[in-house]
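The block underneath contains the structure these notes are about, expressed in structure tokens.
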Amino acid sequence: MTDACNLPGLSVPRSRFPDPEQDLPEAAGESRLVLAGGCFWCVEAVFLAVDGVQRVTSGYAGGEASTANYEAVCTGKTGHAEVIEVHYDPARVSFGQLLKLFFSVAHDPTQLNRQGNDVGSQYRSAIFYETPEQHDVAEAYIRQLDAAGVYQDRIVTTLEPLEAFYPAEEHHQNFAARNPWQPYIMAVAAPKMEKLVNTWPEQLKPEFSKDDPDQA
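With the first letter of the sequence shown counted as 1, position 144 gets the number 144 in full-length UniProt numbering; the numbers rise by one all the way through.
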């Protein structure tokens, strides 16, 4: 992973992002969403701060079990993408709301097989869907964003069926929170977190809010 990241799409203001016209119905219990948006350290950091998200695991999807390890995935030849597995409470945050944050804060969906200086298919923008309903809502929102001209360039996010999710090695989990002064985290994850806090404060867990006394 590189030490700097140029993601011009992340400068798009909040006002440009519509709410999804389609969404999944509220369901009881826990739901899951698997997303790829470049370095999993940084995408994980964003979603861990979202109210209604119960846990996030960094991992790999899109390839075989035998190559689901960091060294192999970094070659860009395994079919895997770096992904996060988001478990969330749909009574508190919807599938569509999570997609809105994915497209507006977590990454730049107009960059093909890269995020900034991280280049390769392992850094592609993708939504790994588990049901036809997830596929249809995600597809509709991509069409909606493109039709609204939210980005100057076309969204290149792929919709891929989730065959399996493979958790990444333990030292990759919760990496940004455990390594806040690591140069890559400061250059790439920190600006995303700043945009999340400043742009979508109502989506934050209390401990991530600017108004939280523990953060003062």
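In this text, a Cβ means the ideal position worked out from N, Cα and C, and glycines have one as well.
Ranked by Cα distance from E130, the first of E202, S11, P161 and R16 is P161. Sequence-distant partners of T67 (beyond 5 residues in either direction) whose C-beta falls short of 6 Å from its own C-beta, in its chain, are T78.
Looking at the DSSP output, G37 shares a beta bridge with S125. Residue environment for H171: exposed (fewer than 16 other C-beta atoms within 10 angstroms of its C-beta). Taking 8 Å as the cut-off, the Cβ atoms of A72 and A164 do not count as close.
Taking a cut-off of 8 Å on C-beta distances, the region 49-59 does not touch the region 127-147, as fewer than three cross pairs fall below it.
Under DSSP, A81 takes part in a beta bridge, and its partners are A61. Judged by pairs of C-beta atoms under 8 Å, the region 99-114 touches the region 198-205, as three or more such pairs exist. Check the Cα spacing between L24 and each of G59, F17 and A140: the tightest is with A140.
Inter-residue distance for L112 and V156 is about 6 Å (C-alpha atoms, whole angstroms). Contact between the region 14-33 and the region 176-185 is not established, with fewer than three Cβ pairs separated by less than 8 Å.
Across the set V119, E26, Y166 and L101, the C-alpha of L101 shows the shortest separation from the C-alpha of S15.
Collapsing the DSSP output to three states places Q111 in coil. In the displayed model, S31 falls within a strand according to three-state DSSP. Taking the Cα of F17 as reference, the smallest distance to any Cα among A126, Y166 and G96 is reached at G96.
From the listed residues A190, L99 and S94, the smallest Cα separation to E30 is found for S94. With 16 or more neighbouring CB atoms inside 10 Å of its own CB, P90 falls in the buried class. In this structure P13 is exposed. Its beta-carbon is surrounded by fewer than 16 other beta-carbon atoms within 10 angstroms.
By the criterion of a C-beta distance shorter than 7 Å, D153 is surrounded in its chain by T110, once the five residues flanking it on both sides are discounted.
M186 and Q144 have their C-alpha atoms some 32 Å from each other.
An exposed status is given to Q54, since fewer than 16 other beta-carbon atoms sit within 10 Å of its beta-carbon.
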